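**Q** Same order as they appear, the protein sequences are chains V and F.
Numbered by numbering that gives the first Met the number 0, the letters in the first sequence go through residues 0 to 334 in order.
Numbered by numbering that gives the first Met the number 0, the letters in the second sequence go through residues 0 to 334 in order.
Every residue, glycine too, gets a C-beta built ideally from N, C-alpha and C.
Because the structure is a prediction, the values reported are computed rather than measured.
There are 2 protein chains.
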Amino acid sequence: MAAPTQTRQIALASRPQGWPTDENFRLETVDLPELGDGEILVHNTVMSVDPYMRGRMNDVKSYIPPFQIDAPLDGGAVGEVIASKSSEIAVGQRVVHGLGWREYAVLPAERASVIDAEAAPESSYLSVLGMPGLTAYVGLTRIAEMKEGDVVFVSGAAGAVGSLVGQIAKALGASRVIGSAGSQEKVDRLLELGFDAAFNYKDGPVRDSLKAAAPDGIDVYFDNVGGDHLEAAISRLNTFGRVAMCGAIAQYNATEATPAPRNLALAIGKCLTLRGFVVGQYADVSPEYRERAAGWLADGTIRFDETVRDGLENAPQAFIDLLAGANTGKMLVRL
Amino acid sequence: MAAPTQTRQIALASRPQGWPTDENFRLETVDLPELGDGEILVHNTVMSVDPYMRGRMNDVKSYIPPFQIDAPLDGGAVGEVIASKSSEIAVGQRVVHGLGWREYAVLPAERASVIDAEAAPESSYLSVLGMPGLTAYVGLTRIAEMKEGDVVFVSGAAGAVGSLVGQIAKALGASRVIGSAGSQEKVDRLLELGFDAAFNYKDGPVRDSLKAAAPDGIDVYFDNVGGDHLEAAISRLNTFGRVAMCGAIAQYNATEATPAPRNLALAIGKCLTLRGFVVGQYADVSPEYRERAAGWLADGTIRFDETVRDGLENAPQAFIDLLAGANTGKMLVRL
């Protein structure tokens, strides 16, 4: 088979104001660059859409540069190497890399990692064995410094990161794990996954739901949401409690400054720690995590869900639905 | 001289709503209890008024119980032992203890610490060698984990804690120390004390003043204030920046929930840590601090200011003035 010379890809047509819409994205076909020395050509088979991508659609300096208008989006993807000018990676190998949102990608071999698609489904390298899993593990062990016996609360608990946070916390000896999610179906799923308690945050004030679920307070809050969840958690945290600030999805589409936790000063008397993180800073934890995760997967300690859409042309809608919480577990697009 | 049988003291007459007034306090004369075994009678010579006392005037559960209506207030004080039924502390010794707001106090000897009034003025045991000094040191070294070369910003910088934060930060190798205070006189004093930059937060938006004073950002923020100072600091903090949350004097007299930092979600991408503390949890650091502070005092590395009022009857006004920022350095009442 002759190597393709073109790829379909999704470009950023305009910056979303508030919630993204179809019009912010453009499906286009472009020529592929010629393969240079040390480069590989990958046929992507599955790509990731993640909440953090919303932040990159704004023209704001952050820990990663913003997406550029008229340039293709990027993000995690898995695919098969179909051409190679690298001595490190051969045709036929499966890799995970950072050039999603397109069907074919040309990139330096050192920016791809070979995966073992026999050991685990290739999509798992975008979820439990990939960035979301490492995020959950780093947040619990390095940021929140979770200890055995802690009561752990996680928001966005039915999401890719959240569902792993709860299960990993149990595996690490949490005495009680509480999750919040946005539908009764998700709540039911969390209880199946071994959460001790779960609530639908749309059923009433988060503060009340959390108090009922955590009568003795909480020690760790893994925050994927911000807003009223963070405020409620600060009220419920015990002395020396810790917050891993991972995401603030409640705020990603806000066009004005959003409410901050009005009770933040409670952190003084309660000796709380709030610590933000981005998983890219903790790549060194990856080998440790992959080894433990492999064990947890093998013995059934952790399970993971996927919500899969088909076709590159549906990737923008998958992303929009992700921000609205339409997924249970990892939202993926099969290409 | 026969030991006194009565003492004047200040009781809480009513709980302040917002800013405290004279009417919330009552000067009264009460009988002293008889001295029990192991107890001492102390003639207080100087007492402390501190911002944290405002919180104890509300009927709110916190890290220390609230003051009770019609009961005497308490807080740090220094005095001379004039009667003793303790084998540990003798008549004539000077002690620091927790029963201020009164002229004479009866207490168990184990709740007093003997001080060396030859080595340092007795009032210094309520400021640089006492709780404010330890607070500054713990906040920098244990909470903010200040490193050599850090740029450090402190609010309330002309106060008892703040002025020591700046000087100790310099002593510990900060590359630049910035302070905010509420008058030009205080700003001038900070520069005399060795701050690299200082600004009057009443001169304009804190965000603008801080940006001008810290063009390369800050690494550590020691927060005595909360509110817009905290928001400005979050904007200026560099990646892996740290906030020691020590106080929120801007909010102590608020009758409604006060604005929280609307930019708190920046903590995620910048990997910030915000950590609250109360110095009482770090009493074990005291010997280390006292040893270092003695050296810094001896060689002139750190200096400290006092604002002294005279007479127990003026203690409530001293406290009210403290909350309004009338002090430079430690606010004390000589009895």
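Under 6 Å Cβ to Cβ from I142 (chain V), same chain only, skipping five residues before and after it: list those, please.
**A** Contacts found: A243, R274 and F276.
**Q** Would you kindly report the start and end of the unbroken alpha helix (DSSP H) that includes P315 (chain V)?
**A** A314 to L322
**Q** According to DSSP, is M330 (chain F) helix, strand or coil?
**A** If DSSP states are grouped into helix, strand and coil, M330 (chain F) belongs with the strands.
**Q** Taking Cβ to Cβ, would you say K84 (chain V) is nearer than 7 Å to E38 (chain V)?
**A** yes
**Q** May I ask you to list, following chain order, the residues of the region 207 to 226 of chain F that have a beta carbon less than 8 Å from some beta carbon of chain V?
**A** G225
**Q** Looking only at its own chain, which residues have a Cβ that is under 6 Å from the Cβ of T300 (chain V), when we skip the five neighbours before and after it?
**A** Around T300 (chain V): A170.
**Q** Could you please tell me which residues of the region 259 to 291 of chain V, in chain order, have their CB closer than 9 Å to any CB of chain F?
**A** A259, P260, R261, N262, L263, A264, L265, A266, I267, G268, K269, C270, L271, T272, L273, R274, G275, F276, V277 and Q280
**Q** Taking buried to mean at least 16 other C-beta atoms within 10 Å of its own C-beta, is V29 (chain V) buried or exposed?
**A** So V29 (chain V) ends up on the exposed side.
**Q** Contact criterion: CB-CB distance below 7 Å. Does Y136 (chain F) meet it with respect to chain V?
**A** no
**Q** May I ask you to list the residues that DSSP assigns as paired with A293 (chain V)?
**A** Answer is none; A293 (chain V) lacks a bridge partner.
**Q** How is the alpha helix (DSSP H) around R235 (chain V) delimited, first residue to last?
**A** G226 to R235
**Q** Would you kindly work out how many angstroms separate the C-alpha atoms of A12 (chain V) and H228 (chain V), rounded to a whole number?
**A** Roughly 33 Å separates the two Cα atoms.
**Q** For T20 (chain F) and I319 (chain F), I'd like the C-alpha separation in whole angstroms.
**A** 7 Å
**Q** Taking the straight line between their C-alpha atoms, what separation do you get for P64 (chain F) and A292 (chain V)?
**A** 45 Å
**Q** Using a Cβ-Cβ cut-off of 7 Å, state whether Y51 (chain F) counts as contacting chain V.
**A** no
**Q** What three-state label does DSSP hand Y251 (chain V) in the structure shown?
**A** coil
**Q** Can you find a CB in chain V that lies within less than 7 Å of the CB of M244 (chain F)?
**A** yes
**Q** So is L190 (chain F) buried or exposed if we call it buried at 16+ other beta carbons inside 10 Å?
**A** exposed
**Q** In the DSSP assignment, what residue or residues form a beta bridge with F198 (chain F)?
**A** F:S179
**Q** Counting Cβ pairs closer than 8 Å, one from the region 229 to 248 of chain V and one from the region 206 to 213 of chain V, do we hit at least three?
**A** yes
**Q** Quick one: Cα of K337 (chain F) to Cα of A282 (chain F), how far?
**A** Outside the shown range of chain F (0 to 334) lies residue 337 (chain F), about which nothing can therefore be said.
**Q** Report the neighbours of S179 (chain V) on chain F: residues whose CB is nearer than 9 Å to its CB, in chain order.
**A** By Cβ distance, chain F contributes nothing, its closest Cβ being about 18 Å from S179 (chain V), past 9 Å.
**Q** Assuming the contact rule is C-beta atoms closer than 8 Å, I177 (chain V) and A197 (chain V) should be a hit. Round their C-beta distance to whole Å, please.
**A** 7 Å
**Q** Given a cut-off of 7 Å on the beta-carbon distance, is the pair M330 (chain V) and L321 (chain V) in contact?
**A** yes
**Q** Can you name, in chain order, every residue of its own chain whose Cβ lies under 6 Å from the Cβ of T272 (chain F), other than the five neighbours on each side?
**A** R241
**Q** Hey, does S162 (chain V) have any beta-carbon neighbour from chain F nearer than 7 Å?
**A** no
**Q** Rounded to the nearest angstrom, how far is the Cβ of G89 (chain V) from that of L98 (chain V), given a contact under 8 Å?
**A** Note that residue 89 (chain V) is Ala in the sequence shown here, rather than Gly. Contact flag wrong, Cβ pair sits at about 19 Å.
**Q** By the 10 Å Cβ neighbour count, where 16 or more other Cβ atoms means buried, how is Q8 (chain V) classified, buried or exposed?
**A** It is buried - the Cβ of Q8 (chain V) has at least 16 other Cβ atoms within 10 Å.
**Q** Any contact of the region 104 to 113 of chain F with the region 130 to 140 of chain F, i.e. 3+ C-beta pairs under 8 Å?
**A** no
**Q** List the endpoints of the continuous alpha helix (DSSP H) containing D207 (chain V).
**A** V205 to A212
**Q** Would A247 (chain V) pass as an interface residue toward chain F - the criterion being a Cβ-Cβ separation below 7 Å?
**A** yes
**Q** Measure the CB-CB distance between A247 (chain V) and A264 (chain F) and report whether it falls below 7 Å.
**A** yes
**Q** Just to confirm before moving on: does the CB-CB distance between R333 (chain V) and D304 (chain V) stay below 7 Å?
**A** no
**Q** When the cut-off is 7 Å and only beta carbons count, does S61 (chain F) lie next to chain V?
**A** yes
**Q** CA-CA distance, F66 (chain V) and L236 (chain F)?
**A** 24 Å
**Q** Skipping 5 residues on each side, what residues in its chain have a beta carbon closer than 7 Å to that of N199 (chain V)?
**A** A180, G181, S182, Q183 and V186
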